[in-house]
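These notes are about the structure you will find just below.
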Amino acid sequence: AQGDFLWLLLADTKDRQEIFREIFKTGYYRRLQDRLKAESAAISGDCEAARRSIAQYIGGAVCAESDILQRELEKAKAGRLPVSDTAELLARLIAQEREQARRLETECAGLDEALEQVNAGLGRAEAYEQARRGKAETEKRLAQKQAELAERCRALELARAQQPEIERCTQETAELRGALGEYDARDALLARKHELERNLGELVAQRKAEDAQKSTCTAALTALREERAGLNESGSVRERLAAEKESLARELGALERLEQQLRELAELEQRCTRAKSEFVAAQSDADAAEQTWKQKNTAFLREQAGVLAELLTPGTPCPVCGSTAHPAPAVKSAAAPTEAELNEAEQTFQRALTAARSASRAAGELDGAVRTKSAELLEQTRSLLGDCGEENARSAAKARGAKLKERLDTLASKIAAQDAKIERAAVLDDAIPAEEARLERLTADIARHSIETAETVTRLETLDGQITALSQKLRYESREQAQERIDELAARAGALRAAMERAQSEKSGCESEIAALEGGLRQLEAQLRGAEEIDANELQNRRAALQQKRRDNEQLRKTVNTRISANEAAAAGVAGAAQTLDALETRLAWVKSLSDTANGSVSGKEKIMLETYIQMTFFDRIIERANTRFMVMSGGQYELKRRREAENRRSQSGLELDVIDHYNGTERSVRTLSGGESFKASLSLALGLSDEIQCSAGGVRLDTMFVDEGFGTLDEESLRQAMQALGGLAEGNRLVGIISHVPELKERIDRQIVVTKDRSGGSRVSIRV
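If you want it as structure tokens, here you go:
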């Protein structure tokens with residue numbers, strides 16, 4: 003695109019990296035750089051984590067405060083000891099603590115043996131004391147149980163005296179249980195009586211309800227027959243009303259269509275009026291635009307001399323007279339319109355004229371449509387409403403339509419009423435036979451229920467006699483009362499038996515306990531005769547001293563074992579973390595070196611990244627191809643060169659561009675070139691880049707090239723040199739197109755596509771060979 007290669011010519015290393023990355027697809031190298039940098043940072047973080055892990059493990063190591071190794075351990079925790087010395091220190095601490103743990107364990111075993119001997123002596127002393135106290139307690143309990151045995155014997159004799167009462171309760175209970183069946187028989191007869199009484203009440207109530215239903219059914223049947231006789235004429239009346247409604251509906255439909263067409267005619271007339279107004283306004287705008295265009299055209303023609311004078315330069319022939327001297331050039335007025343303003347005014351006039359013509363056609367078409375529709379509706383109005391006039395047609399149609407709708411509503415109500423009567427007659431035709439059948443069923447049900455009532459009364463009288471006979475034989479009013487008496491007698495007999503059994507059991511238990519106490523007393527007396535007395539207080543004092551010593555040793559042993567566990571865990575953690583740190587530091591050494599090299603961050607070296615290094619190779623080949631054109635275009639004066647050394651050691655470099663001036667032997671930045679020189683340099687760079695793309699991208703061939711502007715900045719000799727270089731491209735079976743407004747190029751190019759603007763606002767294209 004125009005100007006982009008000039009930007010490429012003047013860009014710095016960073017901008018050229020972005021451009022070449024897209025052209026030569028070097029993004030893979032940049033991703034490799036990023037991955038190496040990320041991996042280096044990750045390994046560095048892992049190393050730091052391993053160091054923190056070692057410090058954390060060392061922080062968990064412990065030793066006694068009085069230990070001579072305490073100072074060395076503090077140095078290790080502060081990070082002032084190497085990892086190897088720290089591991090050796092932890093090993094010494096662990097060995098020392100293990101030796102102390104073994105000594106404490108041996109001492110605890112000796113204390114345990116002494117405690118066992120003391121506990122054995124205390125056990126014998128306690129057994130003697132227990133036997134002595136047991137003998138006294140047994141003698142006391144034996145005396146109590148012997149007194150209790152006498153009381154138990156008297157209670158047993160009282161309980162046995164209740165045996166006749168138990169037999170009487172048992173006899174009465176048996177008699178009552180034998181009569182329970184007769185209670186059940188009487189209850190069954192009472193239940194049957196209650197059921198028959200309930201059935202009798204239901205039959206009486208049902209008979210009353212059926213009598214009432216029969217009277218209601220008879221009255222309803224009479225009313226239905228009378229109502230059906232009054233509905234015989236409904237069908238003929240309905241047909242007459244329907245015929246009248248259909249005739250009125252046809253007339254109303256014709257009136258509604260006429261009203262709709264009258265509304266459409268009114269809308270059409272309004273549209274016609276608006277279209278005529280729009281035509282008048284559009285014609286006025288077209289007249290004004292034409293006047294403006296004519297005024298600007300006259301002014302533009304008067305100022306042509308001043309326009310041509312602006313293009314004159316000293317030493318250049320005048321396009322009118324041919325003179326190279328311009329002593330008194332014409333001056334263009336400040337109010338003179340430009341050619342673009344004149345063309346814009348002409349286009350505005352043409353658009354306004356087109357709009358006015360379009361509005362005229364639209365107004366004419368609508369006026370014709372109004373006249374045609376008005377004539378059609380005049381005939382329809384006369385047919386439906388008579389000679390009421392066009393101005394009164396809509397009001398007359400509305401009034402007539404209102405009367406028709408009112409009459410139609412009345413007819414609809416009457417027809418609906420007749421429809422209801424017809425439907426009611428059909429319902430009555432079905433209801434009368436159903437009501438007659440219902441009356442017959444009610445009569446039959448009443449006769450059947452009368453017979454059932456008489457039979458139920460007879461069965462009730464029989465049951466009353468049976469119930470009276472059974473009730474006279476029974477002692478209690480109900481089976482529940484008899485069962486309550488049975489339960490009361492059984493409970494009394496059971497309580498008396500339980501009291502007698504309990505008295506017997508308590509007497510036997512008391513005798514067994516006396517025998518057991520006598521045997522125990524004999525054993526205790528024998529145990530006391532063979533035992534020796536022991537000083538228990540002395541043994542307890544000795545045991546307390548041994549137990550305290552044992553607790554102190556056990557607490558110390560736990561403390562030592564805790565230190566051993568902590569130091570073993572710290573030693574294992576330090577060993578593992580140290581091994582991991584050593585491997586990470588080895589890998590970090592070569593990964594960071596490789597990352598610094600690929601990312602151009604090696605200390606003391608130029609800041610050239612791997613991707614830039616690859617792009618430098620492409621850039622050197624582009625410059626080499628560009629110089630073959632640049633030397634021609636500059637007459638052998640200039641040559642492009644990539645800068646070999648960076649301006650400083652801090653910023654990225656490698657793609658900076660200088661120019662060699664062979665006329666004075668200097669080398670300077672391309673930014674010092676003039677406008678015409680920069681154009682030739684950027685054009686050469688564009689041609690070099692196109693050649694390199696064809697070579698690096700297999701199968702790609704640029705057969706056509708267009709150069710857009712830039713030639714206006716060249717003098718005659720530079721223009722000749724540039725055309726010579728482009729002509730060399732064209733001789734190699736390549737089409738070269740130049741897009742330019744420079745008049746000198748027209749004389750040098752024999753095949754042209756000329757684009758010329760028209761006054762009407764468009765443009766024309768012509769080919770000149």
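Each number in this note's numbering corresponds to the 1-based position in the sequence shown with 2 added.
All C-beta atoms, glycine included, are put in the ideal place defined by N, C-alpha and C.
Computed from a predicted structure; not experimentally measured.
Here residue 59 is buried. Its C-beta has 16 or more other C-beta atoms within 10 Å. When the alpha-carbon of residue 26 is set against those of 286, 109 and 697, the nearest one is in 697. Apart from sequence neighbours up to five positions away, the residues of its chain that approach residue 624 with a beta-carbon distance below 6 Å are 690, 691 and 694, ordered along the chain. Counting C-beta atoms within 10 angstroms of its own C-beta, residue 358 has 16 or more neighbours from the protein chains shown and is therefore classed as buried. Cα atoms of residue 718 and residue 685: separation of roughly 17 Å, rounded to the nearest angstrom.
About 5 Å separates the beta carbon of residue 639 from that of residue 665, a gap short enough to meet the 8 Å contact definition. The continuous alpha helix (DSSP H) containing residue 48 extends over residues 29-61. The residue from 72, 112 and 346 with its alpha-carbon nearest to that of residue 556 is 112. Looking only at 415, 281, 120 and 31, the smallest Cα-Cα distance to residue 547 is reached by 120. Our two residues, residue 560 and residue 85, have alpha carbons roughly 29 Å apart in a direct line. Straight through space, the alpha carbons of residue 595 and residue 34 are spaced by roughly 14 Å. Closest in C-alpha terms to residue 356, from the list 204, 420, 285 and 300, comes 285. Note: residue 739 is bridge-paired with 708 in the DSSP secondary-structure output.
Between the beta-carbon of residue 238 and that of residue 427 there is about 13 Å, and that puts the pair past the 8 Å contact cut.
Pairing residue 56 with residue 579 gives a Cβ-Cβ distance under 7 Å. Bounds of the beta strand (DSSP E) holding residue 758 are 754-759. Look at residue 661 here: in three-state DSSP terms it is strand. If you ignore the 5 residues before and after residue 766, its C-beta comes within less than 7 Å of the C-beta of 758 and 760, all in its own chain and listed in chain order.
Segment contact: the segment 285-300 against the segment 341-348, three or more CB-CB distances shorter than 8 Å; contact assigned.
Looking at the DSSP output, residue 769 shares a beta bridge with 755. Residue pairing of residue 266 in beta bridges, as defined by DSSP: absent, with no partner found. Burial is judged here by how many other beta carbons sit within 10 angstroms of a residue's own beta carbon; residue 63 has at least 16 and is buried.
Look at residue 73 here: in three-state DSSP terms it is helix. Shown here, residue 407 sits in a helix according to DSSP, grouped into three states. The three-state reading of DSSP puts residue 356 in helix, counting H, G and I together.
Segment contact: the segment 463-477 against the segment 186-203, three or more CB-CB distances shorter than 8 Å; contact assigned. Judged by pairs of C-beta atoms under 8 Å, the segment 399-407 touches the segment 257-264, as three or more such pairs exist. Beta-carbon to beta-carbon, residue 39 and residue 605 are separated by about 16 Å, too far to satisfy the 8 Å threshold. Looking at the DSSP output, residue 644 bridges to 659. For the alpha helix (DSSP H) assignment, the uninterrupted runs of no fewer than 4 residues enclosed by the segment 579-653 are, from N- to C-terminal side, 612-635.
In this structure, the CA atom of residue 436 is about 17 Å from the CA atom of residue 447.
A straight line joining the alpha-carbon of residue 582 with that of residue 52 spans about 7 Å. Under the three-state reduction of DSSP, residue 235 is assigned to coil, being neither helix nor strand. The C-alpha of residue 30 is placed about 57 Å away from the C-alpha of residue 72. In this structure residue 641 does not touch residue 635 by the C-beta definition: roughly 11 Å separates them, more than the 8 Å allowed. Closest by C-alpha distance to residue 514, out of 49, 450 and 151, is 151.
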